[in-house]
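Enquirer:
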Amino acid sequence: MMMTTPVRSGAALAACIEDDAIIRVLPAEKSAATMKFVDWLQETLQRWACGQRGAADRRTLDMIVQAAEAMDYRLSLTVQDIFDVVEDLDAALDAGLLLLRGFDRPVIRVHLVSKGAAQ
Numbered sequence: 148m149m150m151t152t153p154v155r156s157g158a159a160l161a162a163c164i165e166d167d168a169i170i171r172v173l174p175a176e177k178s179a180a181t182m183k184f185v186d187w188l189q190e191t192l193q194r195w196a197c198g199q200r201g202a203a204d205r206r207t208l209d210m211i212v213q214a215a216e217a218m219d220y221r222l223s224l225t226v227q228d229i230f231d232v233v234e235d236l237d238a239a240l241d242a243g244l245l246l247l248r249g250f251d252r253p254v255i256r257v258h259l260v261s262k263g264a265a266q
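Here the numbering used here is used: the first residue of the sequence shown is 148, the next is one more, and so on.
Following this line, the structure appears as structure tokens:
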């Protein structure tokens, strides 16, 4: 079972992003402002996962969390990797499972949820 981790600071967000992860942002709504924010969030987190981790990038993560709060959203993350899906990878491979390049990359889902939504 995947756990959802709430994020309340840029440092907490940075700590959750694994190297080489695939980032998916799940928006609360599809308004133009929200989708622009989602694009900024997706691009920033993908750069972080690819190793772009300077001081300016840390400040950007802080700004993202603050912007989400100002827009009345909260951020939370779920992380899934191949072992959440396949219990025994060797047995699955022996049974014919085919793996694509990059199969071992974790998938991080960033949930952008309205603070008024039920938890």
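Ideal Cβ positions, reconstructed from N, Cα and C, are used throughout, including at glycine.
Could you tell me which whole alpha helix (DSSP H) segments of length 4 or greater appear in the stretch 181-252?
Expert: 202-217, 229-232 and 236-241
Enquirer: Rounded to the nearest angstrom, how far is the Cβ of A242 from that of V233, given a contact under 8 Å?
Expert: The count along the sequence shown starts at 1 and reaches residue 242 at position 95. The count along the sequence shown starts at 1 and reaches residue 233 at position 86. The Cβ separation is near 10 Å, so there is no contact.
Enquirer: With 16 other CB atoms within 10 Å as the buried threshold, where does F250 fall?
Expert: On the sequence shown, position 103 is the one that residue 250 refers to. Exposed, since its Cβ has fewer than 16 Cβ neighbours within 10 Å.
Enquirer: Thinking just about the alpha-carbon of each residue, which of R206, A179, Q193 and R221 is nearest to the one in P253?
Expert: Stepping through the sequence shown from its first residue, residue 253 is reached at position 106. It is Q193.
Enquirer: Going by alpha carbons, who is nearest to I229 out of D219, E216, L244 and A215?
Expert: Position 82 of the sequence shown, counted from the first residue, corresponds to residue 229. Closest option to I229, judged by alpha-carbon separation, among D219, E216, L244 and A215: L244.
Enquirer: Would you call the CB atoms of A196 and D166 closer than 8 Å?
Expert: The residue given as residue 196 occupies position 49 in the sequence shown. The residue given as residue 166 occupies position 19 in the sequence shown. Yes.
Enquirer: I'd like to confirm the pairing. Which residues does DSSP put opposite S261 in its beta bridges?
Expert: Position 114 of the sequence shown, counting from 1, holds the residue named residue 261. For S261, the beta-bridge partners assigned by DSSP are Y220.
Enquirer: Answer with buried or exposed for A168, where buried requires no fewer than 16 other C-beta atoms within 10 angstroms of its C-beta.
Expert: Walking along the sequence shown from the start, residue 168 turns up at place 21. Per the 10 Å Cβ criterion, buried.
Enquirer: Report the rounded CA-to-CA distance for V172 versus V212, giving the unit in angstroms.
Expert: Within the sequence shown, numbered from 1, the residue matching residue 172 stands at position 25. Within the sequence shown, numbered from 1, the residue matching residue 212 stands at position 65. Their backbone Cα atoms lie some 14 Å apart in a straight line.
Enquirer: What residue does the alpha helix (DSSP H) around A168 start on, and which one ends it?
Expert: In the sequence shown, counting from the first residue as 1, residue 168 sits at position 21. Per DSSP, A168 belongs to no alpha helix (DSSP H) and is neither H nor E.
Enquirer: Could you tell me which residues DSSP pairs with R256 in its beta bridges?
Expert: By one-based count along the sequence shown, residue 256 stands at place 109. Answer is R171 and T225, bridged to R256.
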